[in-house]
Amino acid sequence: MRLRFAPASPFVRKCRIAAAILGIELELEDCNTMDPNDSISTQNPLAKIPALILDDGDVLFDSPVILAYLDHLSGNKLIPTEPKARFAALKLEALADGLADAALLQVYEGRYRPEEMKVQKWLDMQAAKVSRALAVLEAQPPEGPITNGHVALACALGYLDLRFGGIWRDYHPKLVAWLDNFATAVPAFAATKPPV
Ligand SMILES: N[C@@H](CCC(=O)N[C@@H](CS)C(=O)NCC(=O)O)C(=O)O
Numbered sequence: 001m002r003l004r005f006a007p008a009s010p011f012v013r014k015c016r017i018a019a020a021i022l023g024i025e026l027e028l029e030d031c032n033t034m035d036p037n038d039s040i041s042t043q044n045p046l047a048k049i050p051a052l053i054l055d056d057g058d059v060l061f062d063s064p065v066i067l068a069y070l071d072h073l074s075g076n077k078l079i080p081t082e083p084k085a086r087f088a089a090l091k092l093e094a095l096a097d098g099l100a101d102a103a104l105l106q107v108y109e110g111r112y113r114p115e116e117m118k119v120q121k122w123l124d125m126q127a128a129k130v131s132r133a134l135a136v137l138e139a140q141p142p143e144g145p146i147t148n149g150h151v152a153l154a155c156a157l158g159y160l161d162l163r164f165g166g167i168w169r170d171y172h173p174k175l176v177a178w179l180d181n182f183a184t185a186v187p188a189f190a191a192t193k194p195p196v
């Protein structure tokens, strides 16, 4: 299986870490989502990564679907099957992905819009989503065995470290400790750290 990949993507990182936890090998294939000629736009009409190219040529996206597929292949070791735990893990994954999305949109605003066209109100709205999500997670950091939600949260926090200078660390000591514990338990977190 080939994963369309870019080193800084928190969503690609989720898939790589999940695969490592589950003992599944993924081939990485570079992708440039900004290049209209990159085959990603035929593999995924949304032209987003990650996209997982299966051996039969079928393509899976987005990252929650890929994690669910990898988990299915490995006999459900990452996403709990018991309903209460399952929906808690899926909800945590959605919250962490949403946090990463709101962070990513702020980065894209800087990357794609000329300075004079920036809309501060919209940037503030995205920053507020990140702040609220962090506050909720700091109040009650995830517990228990590692799930898809934990993997997503580690990658979202890693993205804040990469693109926002790790400022979140100054105000969220419990989450910092949580991420340290995750990194100790999951060597793939350090192994997939994006280059600065
Ligand atoms: N919900 C998607 C988000 C994927 C996403 O936003 N990927 C970014 C890279 S980190 C991307 O491909 N951006 C290109 C674009 O938005 O055109 C997922 O979980 O996979």
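With the first letter of the sequence shown counted as 1, position 102 gets the number 102 in full-length UniProt numbering; the numbers rise by one all the way through.
The C-beta atom is built at its ideal place from N, Cα and C for all residues, glycine as well.
- Residue pairing by DSSP places A6 in no beta bridge whatsoever.
- L179 and R86 have their C-alpha atoms roughly 21 Å apart.
- With a threshold of 16 other beta carbon atoms within 10 Å, Q140 falls short and is exposed.
- By the beta-carbon neighbour count (other beta carbons within 10 angstroms, threshold 16), P80 is buried.
- Ranked by Cα distance from R132, the options G98, V196, L70 are led by G98.
- Assigned with DSSP and collapsed to three states, V59 falls in strand.
- The count of Cβ pairs closer than 8 Å, one atom from the stretch 166-176 and one from the stretch 109-121, stays below three, leaving the stretches out of contact.
- For the options S74, G165, Y159, Q126, the alpha carbon positioned closest to that of E25 is the one of S74.
- Judged by beta-carbon spacing, P194 lies within the 8 Å limit of A8, meaning their Cβ atoms are closer than that value.
- Rounded to the nearest whole angstrom, the CA to CA distance from A100 to A152 is 9 Å.
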